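Written out below as structure tokens is the structure these notes cover.
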Amino acid sequence: MKIFQQALQLQQRRRGFHIITTEIIQAFPQLSEIKTGMLQVFIQHTSASLTLNENADPTVRKDFEMYFNKAVPENDPEYLHDDEGSDDMPAHLKAALLGSSVMIPIRNGRPALGTWQGVYLCEHRNYGGPRNLLLTAWGE
């Protein structure tokens, strides 16, 4: 079995949901050495998250942002953790709901995503800064 690991720093993005599939593949050429295996993409932050979803229609990403802003509003007077601004605690809650990693099967040296699937960086802060990912792949 082969095991590869690669760090990837994503440039700062505005708040929202951003497809990063191509960046992951380009940053991890060792994927081509695995015929059958798994890829884990892990984000090393607590105020941004990852998910898999629709990669074709950009309105899906806009609807994600709208939904999560309604579900986890800013400026709730009951939040105790607000040292970094009104988007701080909501960002942590949104990240907890969506998760810090995704697992994707590898087939013939590429992520075996469905036709309409892509990896999203879910940026929950207004100014989150660059985001660090750790990519780990294993298989035969």
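When you line the sequence shown up against the working numbering, it's residues 177 to 316, in that order. For each residue, glycine too, the CB sits at the ideal point set by N, CA and C. Treat the numbers as computed from the prediction; the structure is a model and nothing was measured.
By DSSP's assignment, Asn229 forms a beta bridge with Gly294. Boundaries of the alpha helix (DSSP H) harbouring Met265: 264-274, taken from the DSSP string.
Every beta strand (DSSP E) of 3 residues or more that sits fully in the stretch 183-254 is shown, in chain order, as 192-195, 212-219, 224-230.
In the structure shown, the three-state DSSP call for Glu316 is coil. In the structure shown, Pro306 falls within a coil segment according to DSSP collapsed to helix, strand and coil. Judged by DSSP in its simplified three-state form, Glu260 adopts coil rather than helix or strand.
Arg301 sits in coil when the DSSP states are folded into three classes, being neither helix nor strand.
Here His268 is buried: its Cβ has 16 or more other Cβ atoms, across all protein chains shown, within 10 Å. In the structure shown, Leu289 adopts coil according to DSSP, grouped into three states.
Pairwise C-beta distances place the stretch 290-307 in contact with the stretch 212-227, as three or more of them are shorter than 8 Å. It is roughly 36 Å from the alpha-carbon of Glu316 to the alpha-carbon of Gly305.
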